[in-house]
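Trainee:
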Amino acid sequence: MKIILTAVALLAFLFAIAALSTSCDKPRHPTPPESPANIEQRLEEAEGRIQELEAEKESRCEHCNGTGRLICGWCEGDGEVGETSGKRYRCERCSGKGWIDCGYCGGDGRQ
């Protein structure tokens, strides 16, 4: 009889541990649904941000696409120029960077 009670107590203990481990996976306090007013406010904020991004896109320099840089035409972006003898030299126009400031927007990326 003592063995049966010990086995029952052990099984009860194991079931309790199993129940605790599965309850830890569930959130203790479920997140309440957002109110319609809160959702509408978030949508308005998103629409405002979209309008800002579209305005930024429209004001980008069309020559450099808003980067403020153009690929150097002398070295074609390599930063070096070569001679027919095979020697390579640093490009004097871009100082070896491979790019130059956009002359259309002054390097700021905006028209």
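Just so we're aligned, residue 11 is where the sequence shown starts under our numbering, counting upward by one.
Yeah, the Cβ is synthetic: ideal placement off N, Cα and C, and Gly gets one too.
1. What residues in its chain sit with their C-beta under 8 Å from that of LEU90, if we drop five residues either side in the sequence?
2. Contact between the stretch 114 to 121 and the stretch 54 to 71: three or more CB pairs below 8 Å?
3. Cβ atoms of GLY113 and GLY87: under 8 Å apart, would you say?
4. Which residues bound the alpha helix (DSSP H) around GLU54?
Mentor: Short version:
1. Checking the displayed sequence, the identity of residue 90 turns out to be Glu instead of Leu. Excluding sequence neighbours, GLU90 sits near ARG98, TYR99, ARG100, CYS101 and GLY106.
2. Judged by Cβ distances under 8 Å, the stretch 114 to 121 makes contact with the stretch 54 to 71, as three or more pairs qualify.
3. Their beta carbons are not under 8 Å apart, which means GLY87 does not touch GLY113 by this criterion.
4. From DSSP, the alpha helix (DSSP H) with GLU54 extends over 46 to 69.
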